[in-house]
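Heads up: the structure comes next, in structure tokens.
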Amino acid sequence: MGVDLVRVVKGRYWIAIVFDLVVLCVIVNVLLRKFLAGVFFILVICIMILSLSPKESVRLRITIDGHPITALKCHPKYFSKSEKYFRKPAYSIQSRYGYPSSDGSYEVYDFKVQKYVVFNFAEHII
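All letters in the sequence shown, in the order written, are residues -5 to 120 by the numbering used here.
Structure below.
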């Protein structure tokens, strides 16, 4: 097989081989781009679905903060009394599921939820 390859290279068929490799790379690039676009589209749809419910938006925020296991285990609860202070619905998670903020200055337990059209977005309450 090595002899045939030498004969092909000496016979200047290497241009066809290089051309075939370039075409293969272009095809792989297009397929990879389509695959990544599909994954991104599915991710956006999942995020939109999770932000329809206030409790799920709290879980989505916890996941975005880098704690997906905590998001699965915790059960956000609505604070009816805190709405008059924050003027937004507030939710809390149990203290055992609390996690440090991104800068480490406080533990995150409480969230306020803002609603835009039909989507809910949770933010930390300090």
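Cβ atoms here follow ideal geometry from the backbone N, Cα and C, with glycine treated the same way.
Can you check whether the CB of residue j is closer than 7 Å to the CB of residue i?
i   : j    : result
K75 : Q108 : no
P62 : Y85  : no
In angstroms with no decimal places, state the Cα-to-Cα distance between residue i and residue j.
i     : j    : result
F13   : Y91  : 57 Å
M42   : F113 : 7 Å
I137  : V52  : Shown here, the chain extends from -5 to 120; a query on residue 137 therefore has no answer.
G(-4) : L15  : At G(-4), the pLDDT of 47 sits below 50, so the modelled position is not reliable; the number obtained from the coordinates is stated separately. Each residue's Cα considered, the two are about 19 Å apart.
F73   : C40  : 26 Å
P94   : E101 : 4 Å
L25   : C19  : 10 Å
Y103  : Y110 : 23 Å
L66   : Y7   : 58 Å
P55   : L37  : The residue asked about is misnamed: residue 55 is Arg in this sequence, not Pro. Their Cα atoms are separated by approximately 15 Å.
DSSP puts residue i in a beta bridge; with which residues?
i    : result
P94  : E101
F115 : Q108
K71  : S86
What distance in whole Å lies between the Cβ atoms of residue j and residue i, which are believed to be in contact at a cut-off of 8 Å?
i    : j    : result
K106 : I119 : 5 Å
S45  : F115 : 6 Å
D59  : S96  : 7 Å
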